[in-house]
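Counting from 1120, one number per residue, gives the positions in the sequence shown under our numbering.
What follows is a short report on a single structure.
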Amino acid sequence: MPQITDPAEFIRRETKVKPVPHAEEILLHVADEAMDMWLKTEEELGELGLAPPFWAFAWAGGQGLARYILDTPELVAGKRVLDFACGSGLVGIAAMKAGAASCHAVDIDPFALTAAELNAALNGVVLSFETADITAAALPEADMVFCGDVFYDRVMADSVLCFLDRLQDRNIEILIGDPGRSYLPKSRLTELATYSVPVVGALEDNEIKRTGVFRVEKI
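Spelled out as structure tokens, the structure:
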């Protein structure tokens, strides 16, 4: 069975470069078919039961955040930004294009970091990268933290909320992009914007998702 020895080459081969539907200023390496990409990744790594290739798609929450950042560049201008669970790197790329001083992109999937680095290069920006679960680690040196589509699973949501509480104790501003996933902590959020975002229908329950951008408030 073939093995992936060069993740960047695999990503270039199995994706197409396309503009993000709701943030057309940004280009990403994206997959045409969710299941095909998932199966190809499993086959070439020789591992079954891998997590979905979240990095290969522009998810609704990330698209919403990217649009909001690009439309309100004063939000990030001159600031140190963390793109948490970065996936494709879409949000971090938007922040750098809008004038952020720096962006650190973090994800537990090493493929995501490779994809994000390729995508950053496509868009002429530079991000720093870390493959890690930072929810229980030392807090990052950041002025703002962006979280897109991270409340789809209870265990994940509980872990993220504890992390966000720690960030808020340091007065770090947190923005979330989310299309109303099951474990979104709505009682703690102030809505800043709402968008109708085109998404991959095979991954969602609709091809257009009503997606919000929210600021997290202290308890």
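Cβ atoms here follow ideal geometry from the backbone N, Cα and C, with glycine treated the same way.
Selection from the options that minimises the alpha carbon distance to residue i
i: D1202; options: E1326, E1193, I1227 and S1306; result: I1227
i: A1231; options: S1306, V1274 and F1176; result: F1176
i: V1279; options: R1334, A1240, I1327 and A1204; result: A1204
i: K1135; options: L1146, T1233 and D1125; result: L1146
i: G1197; options: A1220, L1283 and A1239; result: A1220
i: I1295; options: D1252, E1144 and A1185; result: A1185
i: E1143; options: W1174, D1272, A1312 and N1242; result: N1242
Beta-carbon contacts of residue i that lie in its chain and below 7 Å, excluding the five residues immediately before and after
i: A1244; result: Ala is not the amino acid found at residue 1244; the sequence shown has Val there. Once the five neighbours on either side are set aside, the close Cβ partners of V1244 are I1212, M1215 and K1216.
i: R1199; result: A1220, S1221, E1260, A1261 and D1262
i: T1233; result: P1126, A1127 and I1130
Between the CA atoms of residue j and residue i - distance to the nearest angstrom
i: E1292; j: P1298; result: 20 Å
i: P1259; j: F1129; result: 31 Å
i: F1270; j: E1310; result: 16 Å
i: A1255; j: F1282; result: 7 Å
i: T1191; j: V1274; result: 32 Å
i: R1334; j: P1138; result: 26 Å
i: I1188; j: T1124; result: 35 Å
i: T1330; j: D1277; result: 21 Å
i: P1121; j: D1252; result: Unreliable positioning characterises P1121 in this predicted model, as indicated by a pLDDT of 48, which lies under 50. The coordinate reading is nonetheless provided below. Answer to the nearest angstrom: the Cα atoms are 29 Å apart.
i: D1272; j: G1218; result: 32 Å
Anticipated Cβ contact below 8 Å, residue i with residue j, distance rounded
i: Y1314; j: G1180; result: With a Cβ gap of about 10 Å, Y1314 and G1180 do not count as contacting.
i: A1150; j: P1172; result: 7 Å
i: L1286; j: H1148; result: Not quite, the Cβ-Cβ distance comes to about 30 Å (not below 8 Å), so this is no contact.
i: D1268; j: W1178; result: 4 Å
For residue i, the residue or residues it bridges with in DSSP
i: V1244; result: In DSSP, V1244 forms no bridge with anything.
i: E1249; result: V1225
i: R1334; result: L1294 and T1309
i: D1202; result: A1224 and F1265
Contact set for residue i: own chain, Cβ-Cβ below 6 Å, skip 5 residues either direction
i: A1224; result: D1202, C1205, G1208, G1211, A1235, L1246 and F1248
i: R1132; result: none
Spatial neighbours of residue i in its chain, beta-carbon cut-off 8 Å, leaving aside the 5 residues before and after
i: R1289; result: L1258
i: P1229; result: P1126 and T1250
i: E1336; result: R1307, L1308 and T1309
i: I1327; result: S1315, V1316, P1317 and V1318
i: V1195; result: I1188, A1214, A1217, G1218, A1219 and M1263
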